[in-house]
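Asker: Quick note on numbering: full-length UniProt numbering labels position 112 of the sequence shown as 112, and the sequence is numbered without any gaps.
Glycine included, every Cβ here is placed at the ideal spot set by N, Cα and C.
Before I ask anything, let me first share the structure, which is written out below as structure tokens.
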Amino acid sequence: MVPDSYVPSLPMISIGSVDGKIKSVDVVPCPTEPCHLVHGTNVSLTVEFDSAVDTHRAITKIHGIILGLPVPFPFSHDDACKYHNVPCPIQQGSSYTYSNVLEVLSAYPKMSLVFICSI
Numbered sequence: 001m002v003p004d005s006y007v008p009s010l011p012m013i014s015i016g017s018v019d020g021k022i023k024s025v026d027v028v029p030c031p032t033e034p035c036h037l038v039h040g041t042n043v044s045l046t047v048e049f050d051s052a053v054d055t056h057r058a059i060t061k062i063h064g065i066i067l068g069l070p071v072p073f074p075f076s077h078d079d080a081c082k083y084h085n086v087p088c089p090i091q092q093g094s095s096y097t098y099s100n101v102l103e104v105l106s107a108y109p110k111m112s113l114v115f116i117c118s119i
């Protein structure tokens, strides 16, 4: 079942990673593009990716671009293997699915952002 508030696979722009390739990004709720996130709610993020390297760990970093500068998005569990369903060790040529639930805190300013997610 697909929720009503879902746009399949948001458009992505590669920033030139040599360690892997993102295949899809899904954000729920996101009924239309661009996604309008509501303060005081949670957002589910799912990223499907292929690894181009063997590694024993995967660290998540999420940044919002504000006035042209990357500003880290605060979250406490950046270990993708331990907290976000990525089985480690990661093997070159294999596909993986990262999932996370992010809080849209009421304290965040209301503004339009481009987000950069790296795993």
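What are the partner residues of Phe115, as DSSP defines its beta bridges?
Answerer: Answer is Gly64.
Asker: Output the distance between the C-alpha atoms of Pro89 and Phe49, rounded to the nearest integer angstrom.
Answerer: Looking at the two C-alpha atoms, the distance is approximately 15 Å.
Asker: If Leu45 and Val71 are in contact, beta carbons under 8 Å, what's the gap, nearest whole angstrom?
Answerer: About 17 Å separates the two Cβ atoms, so there is no contact after all.
Asker: Are the region 25–40 and the region 68–88 touching, with three or more C-beta to C-beta distances below 8 Å?
Answerer: In short, these stretches do not touch, since the Cβ pair count stays below three.
Asker: Could you tell me whether the Cβ atoms of Ile62 and Phe75 are closer together than 9 Å?
Answerer: In contact: Ile62 and Phe75 (Cβ atoms closer than 9 Å).
Asker: Per the DSSP calculation, Asn42 is bridged to which residue(s)?
Answerer: Bridge partners of Asn42: Glu103.
Asker: Between Pro87, Cys30, Ser94, which lies nearest to Pro56 when the distance is taken from Cα to Cα?
Answerer: Here residue 56 turns out to be His, not Pro, going by the sequence shown. Residue Pro87 is the option with its Cα nearest to His56.
Asker: Is Tyr96 helix, strand or coil by DSSP?
Answerer: In the structure shown, Tyr96 sits in a strand (DSSP, three-state: E or B).
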